[in-house]
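Taken in sequence, the protein lines are chains W and A. Going by the UniProt record's numbering, the first sequence opens with residue 1, and the numbers climb by one from there. Going by the UniProt record's numbering, the second sequence opens with residue 1, and the numbers climb by one from there.
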Amino acid sequence: MHVPDGFINAPVSAATAAVAAAAVAVSLRGARRELDDKAAPLAGLVAAFIFAVQMLNFPVAAGTSGHLLGGALAAILVGPYTGVLCISVVLLMQGVLFADGGLTALGVNITDMGIVTTVVAYGIFRVLVRLLPRGRTGLTAASFAAALVSVPAAAAAFTLIYALGGTTDVPVGQVFTAMVGVHVLIGLGEAVITALTVSAVAAVRPDLVHGARDLMRPLELRRVRPANAFRPDGAGTASSVPGSPAASSRRDGDQAPRRGPAVPGSLSEDRHRRTGPDGADAVAAEKTAPRRSVARLWMAGVAAALVCAGGLSYYASTSPDGLEKVAHDKGIDSKEEAHAAKDSPLADYQVKDVADERLSGGLAGVIGVGATLAAGTGVFFTLRWKRTRTAARAASESAAL
Amino acid sequence: MSAGHTHKLYRPARTPVHSLPPHCKIAAVLAFVVTVVATPREAVWAFALYAVLIAAAAAAARIPAAFLLRRLLIEIPFVAFALLMPFVVPGEPVAHLLGLPLSGPGLWGAWNVLAKGTLGVAASVVLASTTELRSLLLGLERLRMPPLLVQIASFMIRYGDVVTDEMRRMRIARESRGFTARGVRHWGVLARSAGALFIRSYERGERVHLAMVSRGYTGTMPVTDDAPATRTQWTYAATLPLAALAVCLTGWTLT
Numbered sequence: 001m002h003v004p005d006g007f008i009n010a011p012v013s014a015a016t017a018a019v020a021a022a023a024v025a026v027s028l029r030g031a032r033r034e035l036d037d038k039a040a041p042l043a044g045l046v047a048a049f050i051f052a053v054q055m056l057n058f059p060v061a062a063g064t065s066g067h068l069l070g071g072a073l074a075a076i077l078v079g080p081y082t083g084v085l086c087i088s089v090v091l092l093m094q095g096v097l098f099a100d101g102g103l104t105a106l107g108v109n110i111t112d113m114g115i116v117t118t119v120v121a122y123g124i125f126r127v128l129v130r131l132l133p134r135g136r137t138g139l140t141a142a143s144f145a146a147a148l149v150s151v152p153a154a155a156a157a158f159t160l161i162y163a164l165g166g167t168t169d170v171p172v173g174q175v176f177t178a179m180v181g182v183h184v185l186i187g188l189g190e191a192v193i194t195a196l197t198v199s200a201v202a203a204v205r206p207d208l209v210h211g212a213r214d215l216m217r218p219l220e221l222r223r224v225r226p227a228n229a230f231r232p233d234g235a236g237t238a239s240s241v242p243g244s245p246a247a248s249s250r251r252d253g254d255q256a257p258r259r260g261p262a263v264p265g266s267l268s269e270d271r272h273r274r275t276g277p278d279g280a281d282a283v284a285a286e287k288t289a290p291r292r293s294v295a296r297l298w299m300a301g302v303a304a305a306l307v308c309a310g311g312l313s314y315y316a317s318t319s320p321d322g323l324e325k326v327a328h329d330k331g332i333d334s335k336e337e338a339h340a341a342k343d344s345p346l347a348d349y350q351v352k353d354v355a356d357e358r359l360s361g362g363l364a365g366v367i368g369v370g371a372t373l374a375a376g377t378g379v380f381f382t383l384r385w386k387r388t389r390t391a392a393r394a395a396s397e398s399a400a401l
Numbered sequence: 001m002s003a004g005h006t007h008k009l010y011r012p013a014r015t016p017v018h019s020l021p022p023h024c025k026i027a028a029v030l031a032f033v034v035t036v037v038a039t040p041r042e043a044v045w046a047f048a049l050y051a052v053l054i055a056a057a058a059a060a061a062r063i064p065a066a067f068l069l070r071r072l073l074i075e076i077p078f079v080a081f082a083l084l085m086p087f088v089v090p091g092e093p094v095a096h097l098l099g100l101p102l103s104g105p106g107l108w109g110a111w112n113v114l115a116k117g118t119l120g121v122a123a124s125v126v127l128a129s130t131t132e133l134r135s136l137l138l139g140l141e142r143l144r145m146p147p148l149l150v151q152i153a154s155f156m157i158r159y160g161d162v163v164t165d166e167m168r169r170m171r172i173a174r175e176s177r178g179f180t181a182r183g184v185r186h187w188g189v190l191a192r193s194a195g196a197l198f199i200r201s202y203e204r205g206e207r208v209h210l211a212m213v214s215r216g217y218t219g220t221m222p223v224t225d226d227a228p229a230t231r232t233q234w235t236y237a238a239t240l241p242l243a244a245l246a247v248c249l250t251g252w253t254l255t
């Protein structure tokens, strides 16, 4: 959608350039407020990110692919002011370096793709994020809607500029229909990608999602005293952080003696990092979430696993997955030894003597889940029993001393 | 990284065009493009003269014609749009192509966009291939662009390769695990990559900022080389837009 030179006449180009300059000036002040003297490096890196992510291709179907435009994403992740700055800088560099978009049309391009998308997306996002329920689902839905509207809005803004100063009199109605029609489709893709990306960032660093900064509690550094680890029921750790899911607090307890208290290291390294279930030294403590009982969690897990294994594998693709496919393509598997259990009744995820391939796959899934569950639960109970005994013995010894 | 911070468009050489101060070149190119856009489209010969002017500038900068023409391909999406114009614009049909009427105003519109757009791209390509990135930013700063904006742009340029490389490594990591994105089903994985890329870029920004603060950064960059352009250099740079202006004025008086 980069407009070249000569598409919009000179007076309207000048007017949009003035609009763009004013908006950039306002954003410069705003970004200073948002980021103070961090503005230059952070906005620069985010601009580099937008530039890079525009090169990330999302395959649609049959060889076609699309890419992110990034206006809505930038607005949601770093805020409207910094977002406008980043997109404008990206457009400026694209115009000057890669001749993508004309120099005289720079004002049109910035107004259209930088300002309209960012402002529209941020406005819708803020309204929705207040209305929708808190949490990642609401956040994802709000980003979806924001990105979905922002792209056709830019197309509509372009039509308006074109109606004012287009050098050719294509009927405005036609331009509007064509532009908005095409861009609703593009916006749909943009919305899916933006929502998924925002959700991925919110899962790991919710403090970086600027649009939801005041809605999500910041991650907090949680230290677990080593002594708690020896409590058999994990009650000590759970009580130190009220409301955290029982499973994760127990894991904290397990790891606490090995990890010890968090060492304050370099500023950016130890800040609120959560790298998944293992990096448990800083876990988002969702205070609002009620503490679920272990039994209910367990039941829900089993149900989900059964549905996935039985129901979804019925529909799953029969083509081999990642590693199997690579092996097959590269001929690695020609020398593959047959698995020792290939004659077992469940070999290759199929139940023997069940003719229908899909039904057989589903059945094998259910049986597999059952077996895994039994084995896992057995191991878990054995470990817990052992730890209880060890702790009890330690307690009795210390009492004897 | 070992190649330094030059972009693929830059063609190092020692020509009078290369050695001009960057802000003169930027101002000249901008004035030239504005003049081209302001020319009436009926003056067809004027655009031919502009093309000659650009070709002369490219020859002075020893830019091969093939390179210049290859860079013009970036225009293609709008060329497609322009080629549709004769069919959709209402107006008196002046010719027929495969039975479809070609309208007069549509043809003029298509010509207008094609000619001006191509000349604009060509001028930008000449600028980008004779000016280094750093001096381009320096030129923008001397043309009174807000320093903060210049800083943001320079950080973007400086770390653009780093971030792109990071994305490339993530792609290689995905592919070495047997992942190939084939359709909409795989968007989740790609979006998570994009999210991870954002977090890494943001954290790198924080680290860069801390490193700068520890070296005495207070929000403004020191000016290390402030060599104003001489009058001769300005005159030399102004030949292109002045010649274009002469063509433009002739175009307005003749049509």
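Backbone N, C-alpha and C define an ideal beta-carbon position, used for all residues, glycine too.
Legend entry - Through-space distance from residue 205 of chain A to residue 50 of chain A, alpha-carbon basis: In the second sequence, counting from the first residue as 1, residue 50 of chain A sits at position 50. In the second sequence, counting from the first residue as 1, residue 205 of chain A sits at position 205. Counting only the Cα atoms, residue 205 of chain A lies some 44 angstroms from residue 50 of chain A.
Legend entry - Short Cβ contact (7 angstroms threshold) for residue 6 of chain W with residue 116 of chain A: Reading the first sequence from its first residue, position 6 is the one you call residue 6 of chain W. Reading the second sequence from its first residue, position 116 is the one you call residue 116 of chain A. Result yes, Cβ atoms of residue 6 of chain W and residue 116 of chain A sit closer than 7 angstroms.
Inset, instruction - Please classify residue 261 of chain A: is it buried, with 16 or more other beta-carbons within 10 angstroms of its beta-carbon, or exposed? - result: Residue 261 of chain A lies beyond the range of chain A shown here (1 to 255); nothing can be said about it.
Inset, instruction - Return the bridge partner residues of residue 103 of chain A from the DSSP annotation. - result: Walking along the second sequence from the start, residue 103 of chain A turns up at place 103. For residue 103 of chain A, which the question treats as bridged, DSSP gives the partners A/93.
Legend entry - Below-7 angstroms beta-carbon distance, residue 117 of chain W vs any chain A residue: Along the first sequence, one-based indexing puts residue 117 of chain W at 117. Residue 117 of chain W does not count as touching chain A.
Legend entry - Straight-line gap, residue 386 of chain W to residue 394 of chain W (C-alpha atoms, nearest Å): As a first step, residue 386 of chain W is located in the first sequence; it is residue number 386 there, counting from the start. As a first step, residue 394 of chain W is located in the first sequence; it is residue number 394 there, counting from the start. Between the alpha carbons of residue 386 of chain W and residue 394 of chain W lies a gap of roughly 12 angstroms.
Legend entry - Selection from W/46, W/84 and W/9 that minimises the alpha carbon distance to residue 23 of chain W: Residue mapping note: residue 23 of chain W aligns to position 23 of the first sequence, counting from 1. Measuring from the Cα of residue 23 of chain W, the nearest candidate turns out to be W/84.
Legend entry - Simplified DSSP state of residue 289 of chain W, which is helix, strand or coil: Here residue 289 of chain W refers to the residue found at position 289 when the first sequence is read from its first residue. Caution applies to residue 289 of chain W, whose pLDDT of 43 falls short of 50 and renders its modelled position unreliable; the value that the coordinates give is listed next. Correct three-state label for residue 289 of chain W: coil.
Inset, instruction - Assign residue 9 of chain W to one of three DSSP states: helix, strand, or coil. - result: Here the question's residue 9 of chain W lines up with position 9 in the first sequence. Residue 9 of chain W falls in the coil class under three-state DSSP.
Legend entry - Cβ pair count under 8 angstroms reaching 3, the region 226-245 of chain A against the region 16-33 of chain A: As far as the Cβ criterion goes, the region 226-245 of chain A touches the region 16-33 of chain A, which means the pair count is three or higher.
Inset, instruction - Please classify residue 67 of chain W: does DSSP put it in a helix, a strand, or coil? - result: On the first sequence, position 67 is the one that residue 67 of chain W refers to. Strand at residue 67 of chain W.
Inset, instruction - Just mark residue 190 of chain W as buried or exposed, buried being the case when its beta carbon has 16 or more other beta carbons within 10 Å. - result: Position 190 of the first sequence holds residue 190 of chain W. Per the 10 Å Cβ criterion, buried.
Inset, instruction - May I have the straight-line CA-CA distance separating residue 389 of chain W from residue 80 of chain W, to the nearest angstrom? - result: Reading the first sequence from its first residue, position 389 is the one you call residue 389 of chain W. Reading the first sequence from its first residue, position 80 is the one you call residue 80 of chain W. C-alpha separation (whole angstroms): 58 angstroms.
Legend entry - residue 382 of chain W burial status per 10 Å Cβ neighbour count (16 or more: buried): The count along the first sequence starts at 1 and reaches residue 382 of chain W at position 382. Exposed.
Inset, instruction - Using a Cβ cut-off of 7 angstroms, pull out every chain W residue sitting near residue 201 of chain A, in sequence order please. - result: Here residue 201 of chain A is taken as the residue at index 201 of the second sequence, counted from 1. What residue 201 of chain A touches in chain W: 45, 46, 48 and 49.
Legend entry - Own chain, CB closer than 6 angstroms to residue 140 of chain W, minus 5 neighbours either side, in chain order: On the first sequence, position 140 is the one that residue 140 of chain W refers to. Excluding sequence neighbours, residue 140 of chain W sits near 195 and 199.
Inset, instruction - Kindly give me the distance between the Cβ atoms of residue 11 of chain A and residue 63 of chain A, rounded to whole angstroms, as I take these residues to be in contact under 8 angstroms. - result: The residue you call residue 11 of chain A lines up with position 11 of the second sequence. The residue you call residue 63 of chain A lines up with position 63 of the second sequence. Yes, they are in contact, since the Cβ atoms of residue 11 of chain A and residue 63 of chain A sit about 6 angstroms apart, within 8 angstroms.
Inset, instruction - With DSSP as the reference, label residue 179 of chain A as helix, strand or coil. - result: Residue numbering aside, residue 179 of chain A sits at position 179 when the second sequence is read from its first letter. Reduced to three states, the DSSP call for residue 179 of chain A is coil.
Inset, instruction - Please find out if some non-hydrogen atom of the ligand SAM comes closer than 6 angstroms to the beta-carbon of residue 162 of chain A. - result: As far as ligands go, the structure on display features none, and thus does not contain the ligand SAM.
Legend entry - Three or more C-beta pairs below 8 angstroms linking the region 32-42 of chain W and the region 212-223 of chain A: yes
Inset, instruction - Assign residue 175 of chain W to one of three DSSP states: helix, strand, or coil. - result: Working through the first sequence from its first residue, we reach residue 175 of chain W at position 175. Looking at residue 175 of chain W - three-state DSSP - the assignment turns out to be helix.
Legend entry - residue 86 of chain A, DSSP secondary structure in three states: Residue 86 of chain A sits at position 86 when you count from the first residue of the second sequence. Correct three-state label for residue 86 of chain A: helix.
Legend entry - Cutoff 7 angstroms: residue 170 of chain A Cβ touching any chain W Cβ: If you number the second sequence from 1, residue 170 of chain A lands on position 170. By this cut-off, residue 170 of chain A is not an interface position.
Inset, instruction - Please confirm whether residue 50 of chain W and residue 74 of chain W have their CB atoms less than 7 angstroms apart. - result: Numbered from 1 along the first sequence, position 50 holds the residue referred to as residue 50 of chain W. Numbered from 1 along the first sequence, position 74 holds the residue referred to as residue 74 of chain W. Taking 7 angstroms as the Cβ cut-off, residue 50 of chain W and residue 74 of chain W qualify as a contacting pair.
Inset, instruction - Could you give the DSSP three-state label for residue 59 of chain W: helix, strand or coil? - result: As a position in the first sequence, residue 59 of chain W is number 59, starting the count at 1. DSSP places residue 59 of chain W in strand when its eight states are reduced to three.
Inset, instruction - Answer yes if the region 117-127 of chain W comes into contact with the region 144-156 of chain W, meaning at least three C-beta pairs across the two stretches below 8 angstroms, and no otherwise. - result: Output reads yes: the region 117-127 of chain W touches the region 144-156 of chain W.
Legend entry - Nearest-angstrom Cα separation, counted from residue 101 of chain W out to residue 44 of chain A: The residue labelled residue 44 of chain A in the question sits at position 44 within the second sequence. The residue labelled residue 101 of chain W in the question sits at position 101 within the first sequence. Each residue's Cα considered, the two are about 23 angstroms apart.
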